[in-house]
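Below is one structure, written out as structure tokens, with a few remarks after it.
2 protein chains.
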Amino acid sequence: MSEVYAVRRERVRERCAAGGGAAALVSRPANVRYLAGAAPLGAVLLVGQGEDVLLCGRPPSDQHGEGRPDEALRMRLLSEPGADPAVAAAGLAAGQGAESLAVEEHHLTVARHRAIGSVAPRLRLVDLGGAVEQLRFIKDEEEISCLRIAAEIADQALGELLESILVGRTERHLALELERRLVDHGADGPAFATSVGTGPNSGRSGHRPSDRRVEEGDFLSVCLGAAYRGYRCEIGRTFVIGTSPADWQIELYDLVFAAQRAGREALVPGAACRDVDRAARHVMDSAGYTDGLGPVTGHGVGLEIDEDPQLAPAAMGKLDACVPVTVEPGVHLPGKGGVRIDDTLVVRPEADGGPELLTITTKELLAL
Amino acid sequence: MSEVYAVRRERVRERCAAGGGAAALVSRPANVRYLAGAAPLGAVLLVGQGEDVLLCGRPPSDQHGEGRPDEALRMRLLSEPGADPAVAAAGLAAGQGAESLAVEEHHLTVARHRAIGSVAPRLRLVDLGGAVEQLRFIKDEEEISCLRIAAEIADQALGELLESILVGRTERHLALELERRLVDHGADGPAFATSVGTGPNSGRSGHRPSDRRVEEGDFLSVCLGAAYRGYRCEIGRTFVIGTSPADWQIELYDLVFAAQRAGREALVPGAACRDVDRAARHVMDSAGYTDGLGPVTGHGVGLEIDEDPQLAPAAMGKLDACVPVTVEPGVHLPGKGGVRIDDTLVVRPEADGGPELLTITTKELLAL
């Protein structure tokens, strides 16, 4: 496993070294973890001309979920409380003879950038931009297998909830129970705050669970995900509570299901991200729900729950094989509720059977 | 309540206006909430020469815990997906005729700072520094009453746990149960990730709950807190599992208790923060646990769980009346475990009875 990290760091080094005499300072936690195997709180990674160093303010914890630092990596623990590892890294780079240091300007604050500049005034600070995020875009099979396990865990937690009595329980309780079950099944923790919406709250994107109780006749929409070895997946389903759904519920569900299927089917290597979005959006538009969808119909997942690509009308870029994304259209009718269906899939060539569905809980409209 | 926010914003305006023609852009979420009553995800606050504006990427949610924006405040919702409210705010400030814009350089990234500079090239960008954090340092009675309720909730959740059977349950389960109870008792949510440590994990600061099960003879240390209307408290206790503690456990507990009491008793308006730290640390040192304590023995709490002041050997600054802080010394013996005792208190003058203890769960060594 250690070799994987060294190869990744080598690719960062190649990008920087084009100009000569360059080092890179990686501070965004998910990027640090991608290159170093772990990201202890506040740690930064110096990708130097010679040696790479992980600088931490506190010792890395070997506890479940945090990851273990690559053993081939030198680690430096800062003893002075409050010392900024990024500033120490810049001093180290200057000491190694680097002429320039590429920093993540989209992550580093102005104040830290200034502190780095003053500790190493001869070091030219340049922008590393999204170089590490670009490396993270396409996942290797090791990463995909972590996502696959994360998805299995989420499926299990959701499946168990469906077997329990739901009427009369609050959104908060259901969300907490789901999170407990995720951990029971081996997740590091929830991938994001679990969302449970009932009745008029159902179908709302990012709904925070409230004290509303599940009632007969409600739509119940649930969105959850597990983190496993740092990798995060997402699943969303909508159910109906009681003996049988009302006509408007069936119609709305079928519509969102059709939109979600259209989005899933558009996931092919080389497809433009905006075309995947359009495929799902077109189904909704045709049925008159022009403003029904939110700004995105899906997004990449990996070490962060929301990463590139975005599936949105103005998105640039194309999909590629081995890129995991969510497809999650939804519609919410104010005062009435709505439907959201969300899967995590991996883009695969047609020759390999097309997109690989990681979250396999049924998408039939279940009456619970 | 609305007036409180207007008064706070007025104080920010006064700081900026010293130079004339100045506006301020507040981006740090806790600072936005302090000045605007709510901080919807990604929102920023423009404190202008004339009108103040809250700029959001999505509509504020009226759901429990997020806070409601001050009704006296103009709100602007950005319709373009992905638009940065900070950039829009800078454009607005320039349009209002501001000559300079004070930004939070300790929060804003280099990339956002640059984007602001390019949208409003005539606007001189200066540093607002920790001006809002300084205003937040001393709490008003409304804020303290939120902290008091948060502490009550944490006390209740902890009290209920103590009545249940503990042996055989994992750290993870106990932590999840505590978090469920916090929510049951009306918390917005946990103030931070609940820490439960048993046996060799007990007494470790910030320990992440593992799958270790509680055993007879263990120390069990628990650290939790509730968020209530955005305000966060903290309580930590250590218990012994079984019929009676071992001698080494009693000795270690008494020592940490004495250190914690010394810290609490040093909380008087005007005391130097480092002296409070020293009071607690001195007790440990005298008993030979020179390196037993972590880098801080306590910290401020409020809209964030870890804010100014820091109670640490090199801390600058003094306490004041109405400043809430934690006092939380602990010691951990590798392989054996340890003790941590943590309270949230409000500094009060002696004439008012001295420090007000918010977390009132007993600090006797309970054998459970």
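Each protein sequence line maps, in turn, to chains A and B. The first sequence begins at 177 in our numbering and counts up one residue at a time. The second sequence begins at 177 in our numbering and counts up one residue at a time. Where a beta carbon is used, it is the ideal one built from N, C-alpha and C, also for glycine.
Proximity test, Cβ basis, 7 Å: B/Val302 and chain A: no
Could you have a look at B/Gly365 and say whether DSSP puts it in helix, strand or coil? strand
Which residue from B/Ala266, B/Glu275, B/Val229 and B/Gly243 puts its Cα closest to that of B/Gly253? It is worth fixing the name first, because residue 253 of chain B is Leu in this sequence and not Gly. Ranking the options by Cα distance to B/Leu253, first place goes to B/Val229.
Exposure label - A/Thr466; buried when at least 16 CB within 10 Å: A/Thr466 should be labelled exposed.
Would B/Arg384 and B/Gly373 qualify as a contact pair, given that the criterion is a beta-carbon distance under 7 Å? no
With DSSP as the reference, label B/Asp461 as helix, strand or coil. helix
Per DSSP, what kind of secondary structure is A/Leu531 in: helix, strand or coil? Inspection of the sequence shows that residue 531 of chain A is occupied by Pro rather than by Leu. Note: A/Pro531 maps to coil in three-state DSSP.
Cross-chain neighbours of A/Glu355 in chain B, by beta carbon under 8 Å: Leu352
Could you name the residues of the same chain whose beta carbon sits closer than 6 Å to that of A/Ala307, not counting the 5 residues immediately before and after it, in chain order? Arg191
Would you verify that the beta carbon of B/Leu284 is, or is not, closer than 7 Å to some beta carbon of chain A? yes
Report, in whole angstroms, the separation of the C-beta atoms of B/Ala167 and B/Leu249, which I expect to be a contact under 8 Å. This structure cannot settle anything about residue 167 of chain B, because the visible part of chain B is limited to 177 through 544.
In DSSP terms, what B/Lys539 is bridged to: In DSSP, B/Lys539 forms no bridge with anything.
What does the Cβ neighbour count give for B/Arg356, buried or exposed, with the cut at 16 atoms within 10 Å? buried
Which word fits A/Ser255, buried or exposed, when buried means at least 16 other C-beta atoms lie within 10 angstroms of its C-beta? exposed
Should B/Arg516 and B/Ser397 be called a contact, given that it needs their Cβ atoms to be closer than 7 Å? yes
Is B/Met492 buried or exposed, if buried means 16 or more other CB atoms sit within 10 Å of its CB? Exposed: under 16 other Cβ atoms inside 10 Å.
Tell me, which residues are paired with A/Met251 by DSSP? A/Leu230
Can you check whether the CB of B/Leu301 is closer than 7 Å to the CB of B/Glu286? A quick correction: the sequence has Val, not Glu, at residue 286 of chain B. It is not a contact, given that the beta carbons lie outside the stated cut-off.
Assuming contact is defined by CB atoms lying nearer than 7 Å, are B/Arg312 and B/Gly344 in contact in what I supplied? no
If I measure Cβ to Cβ from A/Ala488 and keep anything under 8 Å in the same chain, skipping five residues before and after, which residues do I get? Cys449, Arg450, Asp453, Pro471, Val472 and Thr473
Is DSSP giving B/Asp496 helix, strand or coil here? coil
Members of the stretch 261-284 of chain B near chain A, C-beta cut-off 8 Å: Val279, Glu281, His282, His283 and Leu284
According to DSSP, is A/His282 helix, strand or coil? Residue state, collapsed to three classes: coil.
To the nearest angstrom, how far is the alpha carbon of B/Lys539 from that of B/Lys315? 26 Å
Skipping 5 residues on each side, what residues in its chain have a beta carbon closer than 7 Å to that of B/Ile329? Excluding residues within five positions, the ones whose Cβ falls inside 7 Å are Leu358, His361, Gly362, Ala363, Ala402 and Tyr404.
Three-state secondary structure (DSSP) at A/Cys192? helix
Mind listing which residues of the stretch 482-503 of chain A have their C-beta closer than 9 Å to chain B's C-betas, in chain order? Gln486, Ala488, Pro489 and Ala490
Applying the criterion that 16 or more other CB atoms from any shown protein chain within 10 Å of the CB defines a buried residue, is A/Ser462 buried or exposed? exposed
Expected contact under 8 Å - CB spacing of B/Leu334 and B/Arg413 to nearest Å: Yes, B/Leu334 and B/Arg413 are in contact; Cβ-Cβ is about 7 Å, under 8 Å.
Taking a contact to mean a Cβ-Cβ separation below 7 Å, would you say B/Tyr564 touches B/Cys322 in this structure? Since the displayed chain B opens at 177 and closes at 544, residue 564 of chain B lies outside it and no answer follows.
What is the DSSP secondary structure of A/Ser321, counted as helix, strand or coil? In the structure shown, the three-state DSSP call for A/Ser321 is helix.
Helix, strand or coil for A/Glu483, going by three-state DSSP, please let me know. strand
For A/Ala270 and A/Ala291, believed in contact at Cβ under 8 Å, the rounded distance: Here A/Ala291 is actually not in contact with A/Ala270; their C-beta atoms are around 14 Å apart, not less than 8 Å.
Is B/Val507 close to chain A? Criterion is C-beta to C-beta, closer than 7 Å. For B/Val507, the answer is no, since every Cβ of chain A falls outside 7 Å of its Cβ.
Is B/Leu338 closer than 7 Å to B/Leu354 when the C-beta atoms are compared? no
Would you mind working out which of A/Gly514, A/Asp484, A/Ser294 and A/Gly513 sits nearest A/Val501, comparing C-alpha positions? A/Asp484
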